[in-house]
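Asker: Take a look at the following structure, please.
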Amino acid sequence: MQRLLTCSDPIADLQPDSAWDSAPNSELESEAEFAGVSEHAAAMTLPTKTDLATVVKPDRQRADKACQPRAVILAPTRELAVQIHRDAESIGRHTGLRFGLVYGGTGYQRQRDEVAAGVDLLIGTPGRLIDYFKQRVFNFKSVQVVVLDEADRMFDLGFIKDIRFVLRRMPPVTKRLGMLFSATLSYRVTELAYEHMNDPRMVEIAPEQVTVDRVRQACYMVANDEKVRLLIGLIRGFQDARVMIFINTKREGEWVWGFLEGNGLKSAMLSGDVPQKKRLSLLRRFQTGELPIMVATDVAARGLHIPGVTHVINYDLPEDAEDYVHRIGRTARAGEAGDAISFVCETYAFCLPDIETFIGSKIEVNPVSESMLADIDYRSRVRVPRRAREGRERDNGRRTRSGKRSQGGKRSQGRRRKGDQPQGNGEHPVQTSASVETQPAAEVSPRTADAAGDQHAGKPRRRRRRKPVDDSVPSA
């Protein structure tokens with residue numbers, strides 16, 4: 000007799016009705032493995048976890064054996080793994096299953112102890128999962144179900160070797176159920192499915208619709224030097240908005256965040272260099288509405304379900320057309336409507352034709368008037384605190400006061416004692432502040448002002464000491 004699992008109304012409300020009606024039930028109920036593709040890759044997450052509850056049976060591990068999870072879900076990012084675990088606990092609260100979560104950046108020993116105590120369903124990122132596996136904290140001998148979420152993102156982040164490492168250590172494909180989810184099924188993702196699955200079937204949800212109709216798309220042709228002014232002008236015109244701003248580089252993100260903070264717009268910066276605890280805290284504050292604006296790289300473009308996002312702004316157009324679809328997918332979720340605004344500048348204008356070809360439609364171009372450009376002081380930009388910058392450099396393995404310098408770091412320029420001053424000579428006199436020419440504030444561009452600010456804020460350049468030459472040793 001098949002066991003039926005029902006969920007409460009709050010859980011059912013997390014997914015739109017189309018997510019339940021579009022998937023063929025015959026495909027999901029069969030024993031064959033499948034690869035799923037939809038406008039939102041997580042649209043089938045809820046039915047999948049419900050199906051896992053019927054496949055995976057609670058089985059308490061003996062104390063003398065290593066943990067043997069019966070289901071494994073792999074996610075490309077930490078935030079997505081945390082979200083899947085939170086949803087799994089809500090759905091499986093009364094099933095008797097034990098859920099484990101492993102991801103890098105924090106809680107190493109705590110996560111290790113939880114997995115060693117025994118779990119039925121293990122959710123995590125590939126790196127930390129393989130780390131515990133090599134320590135024999137658990138094994139894959141009893142895996143009945145394996146799920147790969149955002150498989151195309153696995154390739155983009157370089158996890159494909161780790162995925163193959165995990166799949167090859169699980170039971171044969173004929174003895175386990177495999178499921179692969181992706182918003183786009185490229186050739187390499189399909190190849191992975193046929194390599195590690197048993198005659199997989201493809202389940203597509205609305206494949207003819209690349210973008211959601213409820214997303215109102217528009218773009219502005221704007222110069223690089225006017226992007227910040229246009230961004231602030233647009234945000235000031237929004238009412239009760241929750242905005243996600245996507246940029247291509249961390250450096251540009253810090254630049255944008257600094258101007259938003261300097262002009263009275265409360266925001267946060269989310270990138271891969273932000274420590275994991277702070278990333279989770281920022282996401283929590285953004286989801287609760289405490290932070291109305293989030294500046295993010297593509298680390299937040301996939302998989303995350305943040306309700307209530309009204310506007311998505313592509314400050315930089317993505318170079319990959321698929322990333323555009325993932326970015327604007329952060330809004331208009333669960334039946335809501337939203338706006339997707341893109342800035343077409345000199346740097347990334349060449350990306351627009353590829354994006355329009357991929358989505359199969361033209362993006363409406365709106366004119367930029369002078370009234371839309373906010374009047375800002377380019378010297379108002381708030382700079383990233385030095386402690387935060389040093390913390391990110393320490394996380395990246397760069398040189399710190401107590402650590403070693405990683406490969407590719409800058410050359411050391413020596414140490415200076417407190418109170419020492421650089422000495423000039425006749426050929427290169429030391430410039431004083433009075434000898435430095437300044438420009439009027441009206442003629443300073445944002446990049447020039449930033450460079451001048453960094454020059455005055457930094458320490459004077461130091462000269463390296465040369466070793467004394469020993470005259471007693473004749474030269475060759």
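Quick note on numbering: the sequence shown equals residues 0 to 475 in numbering that gives the first Met the number 0.
Note that the Cβ used here is the ideal one computed from N, Cα and C, for glycine as well.
Predicted model, so just to flag it, every value in this text is computed and none were measured.
#1: First and last residue of the beta strand (DSSP E) that includes H310?
#2: With 16 as the cutoff for other CB atoms within 10 Å, does H93 come out buried or exposed?
#3: Label Y323 either buried or exposed according to how many other C-beta atoms from any shown protein chain fall within 10 Å of its C-beta, with 16 as the threshold for buried.
#4: Between which two residues does the alpha helix (DSSP H) holding M201 run?
#5: Closest by CA to I244, which one among T173, A295, L120 and G236?
#6: Give the straight-line distance between the Cα atoms of E225 and M196, rounded to the nearest whole angstrom.
#7: Considering only C-alpha positions, which residue in the set C350, I234, Q143 and R378 is nearest to K265?
#8: With H, G and I counted as helix, E and B as strand and the rest as coil, what does DSSP make of R109?
#9: Identify the residues that DSSP records as bridge partners of L191: which are they?
#10: So, helix, strand or coil for Q216, using DSSP?
#11: Cα separation between D81 and R213?
#12: Whose C-alpha, out of A192, Q143, S185 and S141, is nearest the C-alpha of R163?
#13: Between R464 and I312, what straight-line distance do the alpha-carbon atoms span, to the nearest angstrom?
#14: What separation, rounded to the nearest whole angstrom, lies between the Cα atoms of E149 and Y347?
#15: Counting C-beta neighbours from all protein chains within 10 Å, is the total for Y219 16 or more, i.e. buried, or is it exposed?
#16: With DSSP as the reference, label M243 as helix, strand or coil.
#17: Which residues bound the alpha helix (DSSP H) around D338?
#18: Can you tell which of I122, R380, L259 and E253 has its C-alpha closest to the C-alpha of Y102?
#19: I'd like to check one pair, T76 with Q275: are the Cβ atoms closer than 7 Å?
#20: Kindly list the residues whose CB is nearer than 6 Å to the CB of L128, restricted to its own chain and excluding five residues on each side of it in sequence; keep chain order.
#21: Roughly how many angstroms lie between the CA atoms of D161 and P125, to the nearest whole one?
#22: Tell me the DSSP secondary structure of E363 in three-state form.
Answerer: Let me lay it out:
#1: H310 to N313
#2: exposed
#3: buried
#4: No alpha helix (DSSP H) holds M201; the beta strand (DSSP E) holding it covers R200 to E203.
#5: A295
#6: 51 Å
#7: I234
#8: helix
#9: According to DSSP, L191 bridges with nothing at all.
#10: strand
#11: Checking the sequence shown, residue 81 turns out to be Val, not Asp. Their Cα atoms are separated by approximately 27 Å.
#12: A192
#13: 50 Å
#14: 26 Å
#15: buried
#16: strand
#17: No alpha helix (DSSP H) contains D338, which is instead part of the beta strand (DSSP E) from G337 to V343.
#18: I122
#19: no
#20: V101
#21: 6 Å
#22: strand
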